[in-house]
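Trainee:
There are 2 protein chains.
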Amino acid sequence: MERVPLVAAANVSERLAQPPALAISTVIFALRPSVSSGRPTLWLPLVKRIREPFKGLWALPGGPLTQAESLLDAAARNLQDTTGLAPSYLEQLYAFGGLHRSPSQRVVSIVYWALVQSTEAEQAEESENVQWFRADGLQELAFDHNEIVKYALWRLRNKMEYGPIAYHLLGEKFTLAQVREVYEAVLNRSVDPANFRRQLKQTAGIEPTDEFLQGGKHRPPRLYRYSGTNNHLVKTHLLEQPLLERAGPPGHPPPTL
Amino acid sequence: MERVPLVAAANVSERLAQPPALAISTVIFALRPSVSSGRPTLWLPLVKRIREPFKGLWALPGGPLTQAESLLDAAARNLQDTTGLAPSYLEQLYAFGGLHRSPSQRVVSIVYWALVQSTEAEQAEESENVQWFRADGLQELAFDHNEIVKYALWRLRNKMEYGPIAYHLLGEKFTLAQVREVYEAVLNRSVDPANFRRQLKQTAGIEPTDEFLQGGKHRPPRLYRYSGTNNHLVKTHLLEQPLLERAGPPGHPPPTL
DNA sequence: CCAAAAGTGTTACCGTTACACCCATGT
DNA sequence: ACATGGGTGTAACGGTAACACTTTTGG
Numbered sequence: 009m010e011r012v013p014l015v016a017a018a019n020v021s022e023r024l025a026q027p028p029a030l031a032i033s034t035v036i037f038a039l040r041p042s043v044s045s046g047r048p049t050l051w052l053p054l055v056k057r058i059r060e061p062f063k064g065l066w067a068l069p070g071g072p073l074t075q076a077e078s079l080l081d082a083a084a085r086n087l088q089d090t091t092g093l094a095p096s097y098l099e100q101l102y103a104f105g106g107l108h109r110s111p112s113q114r115v116v117s118i119v120y121w122a123l124v125q126s127t128e129a130e131q132a133e134e135s136e137n138v139q140w141f142r143a144d145g146l147q148e149l150a151f152d153h154n155e156i157v158k159y160a161l162w163r164l165r166n167k168m169e170y171g172p173i174a175y176h177l178l179g180e181k182f183t184l185a186q187v188r189e190v191y192e193a194v195l196n197r198s199v200d201p202a203n204f205r206r207q208l209k210q211t212a213g214i215e216p217t218d219e220f221l222q223g224g225k226h227r228p229p230r231l232y233r234y235s236g237t238n239n240h241l242v243k244t245h246l247l248e249q250p251l252l253e254r255a256g257p258p259g260h261p262p263p264t265l
Numbered sequence: 009m010e011r012v013p014l015v016a017a018a019n020v021s022e023r024l025a026q027p028p029a030l031a032i033s034t035v036i037f038a039l040r041p042s043v044s045s046g047r048p049t050l051w052l053p054l055v056k057r058i059r060e061p062f063k064g065l066w067a068l069p070g071g072p073l074t075q076a077e078s079l080l081d082a083a084a085r086n087l088q089d090t091t092g093l094a095p096s097y098l099e100q101l102y103a104f105g106g107l108h109r110s111p112s113q114r115v116v117s118i119v120y121w122a123l124v125q126s127t128e129a130e131q132a133e134e135s136e137n138v139q140w141f142r143a144d145g146l147q148e149l150a151f152d153h154n155e156i157v158k159y160a161l162w163r164l165r166n167k168m169e170y171g172p173i174a175y176h177l178l179g180e181k182f183t184l185a186q187v188r189e190v191y192e193a194v195l196n197r198s199v200d201p202a203n204f205r206r207q208l209k210q211t212a213g214i215e216p217t218d219e220f221l222q223g224g225k226h227r228p229p230r231l232y233r234y235s236g237t238n239n240h241l242v243k244t245h246l247l248e249q250p251l252l253e254r255a256g257p258p259g260h261p262p263p264t265l
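So the protein lines, in turn, are chains A and B. Taken in order, the first sequence gives residues 9 to 265; the numbers are from the working numbering. Taken in order, the second sequence gives residues 9 to 265; the numbers are from the working numbering.
So, in structure tokens, the structure goes:
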């Protein structure tokens, strides 16, 4: 929400003299069962604009950056404000600073993206002005937010292919099949269960528990736990380059809006 | 409640009311022959601070974001301003927004990183207040700029392992051995010439010319040309996820300063 | 006993790595 | 001729993909 104190009837020269406004927005992903198939799919919460510009359209949660907050804190806070949830993973996506992103004023948005555990996501608040939508096939959003979501999705998919982040969409304990479902949902392709299992077991940070998931129709699968630094929420630390995390910035940063 | 000496006579509440300042900085890489070995190594230009804070220390080139510029334009401009050069590659690195990056004022810096062709880099301007330094083993810099450079280096190295960016450090035409030298210089390890050659030839976007580099002591190597979208300088385009560019955001974003 | 998911074993495939070898040129 | 980097051939290695197979549960 690039809401900015409308600068009343500011004349042009005055507007030019002012620095660009700075806002934080967040793309929040969570898994929810699809209405049709019941299988998990990606959803995200949006906020309805209650004033111009783009009044009535849906937009990413966000707000101005206040003096006392770091960028990360600001992102976490507006995640909390809109959904009532705490992120399981939170990372900077990109800074969007095109000249005409907002018709009324020059705004630079620093956008974060977050993953929320599915167990918590069920309790997420909804209201008249906050609703969840399927991440694919979104309607037209305010500002350049369609592009931003598209880019966030690309990042999520890209990262899921090599990084240990799928767990952040699940609860504390999970079966390997559930992890596989996450991959299939996010990457939108089927994955061989046998090979997938082996790859996961090689991956450090994923530990078997003594528990098994009961209540299924078949052989009860073992539950696992993710023991990677749980603070993936906050300080992704000081530039050690981990083995698995190939990473690198977006091969393609998004259009320079 | 730390006392901040600067900011003239601004009282605290006034400072809190102001939005954080927004600045653009750029980490500019170019290859220059090492003084000792003569082999190419990574260098970058820094600017000496002529006022507080950190007066006398070296810092990344940068400045405030003006109303009329996109983020990318601003980065390109201050690259031009400090070195007199045009970037061959330019990409957003990260937005740094920690609370105490600058002692006097809250500043959010959106940092870009750039590659400059070695042919041009030779003509780069130097002066009392602008000098080039070897990218590794830098002295203490102003602000959090040591961290930023460290992160930019990590990104460069990471990207070089899978992306077609080495060419941006060379001239228009180059031998495969020169490309290999770039890899060796940046990644700091030796690369098998035979295998490297084959990998490059598979890579799309690199085309042989009819010319050969004369004047060497041995068999003249063929010259090649990079025909990838040359606008890698500017619009890295609309989110097509290319095959080679695995990419994904920094596995680890830098410390949230 | 049967269906279906959990979990294991095995093999083919493919890209990378290591390194032996030939080619072309200046001295 | 010979030293040296340019350039090609080839075989071992390692990770992934495909898929047959065994195990364990509920019905």
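We treat Cβ as the ideally placed atom computed from N, Cα and C, and that holds for glycine.
#1: If you measure between the beta carbons of Leu185(B) and Pro229(B), is that distance less than 8 Å?
#2: Label Gly105(A) either buried or exposed according to how many other C-beta atoms from any shown protein chain fall within 10 Å of its C-beta, with 16 as the threshold for buried.
#3: Out of Ser112(B), Ala76(B), Val157(B), state which residue places its alpha-carbon closest to the alpha-carbon of Tyr120(B).
#4: Assuming Ser126(B) is part of the alpha helix (DSSP H), what are its boundary residues?
#5: Can you give the Cα-Cα distance for Arg165(B) and Ala38(B), rounded to whole angstroms?
#6: Just confirm the distance between the C-beta atoms of Pro72(A) and Leu30(A), as a whole number of angstroms; I'd bet it's less than 8 Å.
#7: Is the Cβ-Cβ distance between Glu133(B) and Thr91(B) less than 8 Å?
#8: Whose C-beta lies closer than 6 Å to the C-beta of Leu123(B) among residues of the same chain, with five residues either side of it excluded?
#9: Is there a C-beta anywhere in chain A that falls below 8 Å from the one on Leu146(B)?
#10: Using only the alpha-carbon positions, how far apart do Pro53(B) and Asp81(A) sit?
#11: What residues from chain B crowd round Gly106(A), counting only those whose CB sits closer than 7 Å?
#12: According to the Cβ coordinates, are Arg142(B) and Trp51(B) closer than 8 Å?
#13: Count the other CB atoms, across all protein chains shown, that sit within 10 Å of the CB of Arg109(B); report buried if there are 16 or more and exposed otherwise.
#14: Contact defined as beta carbons within less than 8 Å: I believe Leu79(A) pairs with Ile118(A). What is the distance between those atoms, to the nearest angstrom?
#15: In the segment 112–137 of chain B, which residues sit with their C-beta less than 7 Å from some C-beta in chain A, listed in chain order?
#16: Quick check on Tyr175(A) - is its C-beta less than 8 Å from some C-beta in chain B?
#17: Around the Cβ of Thr244(B), are there at least 16 other Cβ atoms within 10 angstroms (buried) or fewer (exposed)?
#18: Using 8 Å as the threshold, is the C-beta distance between Ser112(B) and Gly70(B) below it?
#19: Residue ranges of each beta strand (DSSP E) run of no fewer than 3 residues wholly in the segment 58–130 of chain A, ordered along the chain?
#20: If you draw a straight line from the C-alpha of Ser45(A) to the C-alpha of Ala212(B), how long is it?
#21: Please name the residue or residues paired with Trp51(A) in a DSSP beta bridge.
#22: Let me know the secondary structure DSSP gives Lys225(A) once reduced to three states.
#23: Less than 8 Å between the C-beta atoms of Phe151(B) and Ala67(B), yes or no?
#24: So, with DSSP's three-state summary, where would you put Tyr170(B)?
#25: I need the straight-line Cα distance from Ile58(A) to Gly236(A), nearest angstrom please.
#26: Whole-angstrom Cβ separation of Tyr102(B) and Tyr170(B), contact assumed at under 8 Å?
#27: Kindly indicate which three-state DSSP category Pro1(B) falls into: helix, strand or coil?
#28: Is any beta-carbon of chain B found at less than 8 Å from that of Leu14(A)?
#29: When you compare only the Cα positions, how much space is there between Gln125(A) and Tyr232(A)?
#30: Can you tell me whether DSSP reads Ala132(A) as helix, strand or coil?
#31: Are the Cβ atoms of Val138(B) and Val43(B) separated by less than 8 Å?
#32: When the Cα atoms are used, what is the spatial distance from Arg47(A) to Glu99(A)?
#33: Within 10 Å of its beta-carbon, does Phe182(B) have 16 or more other beta-carbons around it, so buried, or fewer, so exposed?
#34: Go through its chain and collect everything with a Cβ distance to Val116(B)'s Cβ below 6 Å, but skip five positions before and after it.
#35: Note down, in chain order, each residue of its chain lying with its Cβ closer than 6 Å to the Cβ of Ala129(A), except the 5 sequence neighbours on either side.
Mentor: This is what the structure gives:
#1: Residue identity differs from the one stated: residue 185(B) is Ala in this sequence, not Leu. Going by C-beta atoms, Ala185(B) is nearer than 8 Å to Pro229(B).
#2: That one is buried.
#3: Val157(B)
#4: 126–129
#5: Approximately 13 Å between the Cα atoms of the pair.
#6: 7 Å
#7: yes
#8: Phe37, Ser96, Tyr97, His176, Leu177
#9: For Leu146(B), the answer is no, since every Cβ of chain A falls outside 8 Å of its Cβ.
#10: Those two C-alpha atoms are separated by around 33 Å.
#11: Ser78
#12: yes
#13: Counting Cβ neighbours within 10 Å, Arg109(B) comes out buried, since at least 16 surround it.
#14: 6 Å
#15: Arg114, Val116, Ile118
#16: no
#17: Annotation note: pLDDT 37 at Thr244(B) (below 50); position unreliable, coordinate value reported separately. When all chains shown are included, Thr244(B) counts as buried.
#18: No, Cβ-Cβ distance for Ser112(B) and Gly70(B) is not below 8 Å.
#19: 70–72, 97–104, 115–123
#20: 41 Å
#21: Ala38(A), Arg142(A)
#22: coil
#23: Cβ atoms of Phe151(B) and Ala67(B): closer than 8 Å.
#24: When DSSP states are grouped into helix, strand and coil, Tyr170(B) belongs to the coil group.
#25: 41 Å
#26: The distance from the Cβ of Tyr102(B) to that of Tyr170(B) is about 19 Å, inconsistent with a contact at the 8 Å cut-off.
#27: Absent from the model: residue 1(B). The displayed extent of chain B is 9 to 265, so no value can be given.
#28: Per-residue confidence for Leu14(A) stands at a pLDDT of 41, beneath the threshold of 50, marking its modelled position as unreliable; the derived number appears in the next sentence. Chain B, which has no Cβ nearer than 8 Å to the Cβ of Leu14(A), makes this no.
#29: 15 Å
#30: coil
#31: no
#32: 26 Å
#33: buried
#34: Pro28, Leu30, Gly105
#35: Ala38
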